[in-house]
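Numbering (the numbering used here), first residue to last: 50 to 109. Reading through the structure tokens given below for one structure.
Okay, here's the thing in structure tokens:
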């Protein structure tokens, strides 16, 4: 639907509608949304790697 909120999985970059979110994690006061438990687990193992990469892509 047009105008519906979307989330971006910080691990794989998939754009998710609210009903597509499989997992969430709170990290440093922010909630991150994931397409799968695999992406959540990868994020939890090294969140700074995924958040740093995302920042670099936005600046690039």
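Glycine included, each C-beta is placed from N, C-alpha and C at the ideal position.
Asked                                                                                                                                                      : Found
Sort 100, 60 and 71 by Cα distance to residue 77 and report the nearest one.                                                                               : 100
Looking only at its own chain, which residues have a Cβ that is under 6 Å from the Cβ of residue 72, when we skip the five neighbours before and after it? : 83, 86 and 89
Taking just the CA atoms, how far does residue 68 sit from residue 52?                                                                                     : 15 Å
With a threshold of 16 other CB atoms inside 10 Å of the CB of residue 58, please say whether the residue is buried or exposed.                            : buried
Starting from residue 93, follow the alpha helix (DSSP H) in both directions and report where the run begins and ends.                                     : 86-94
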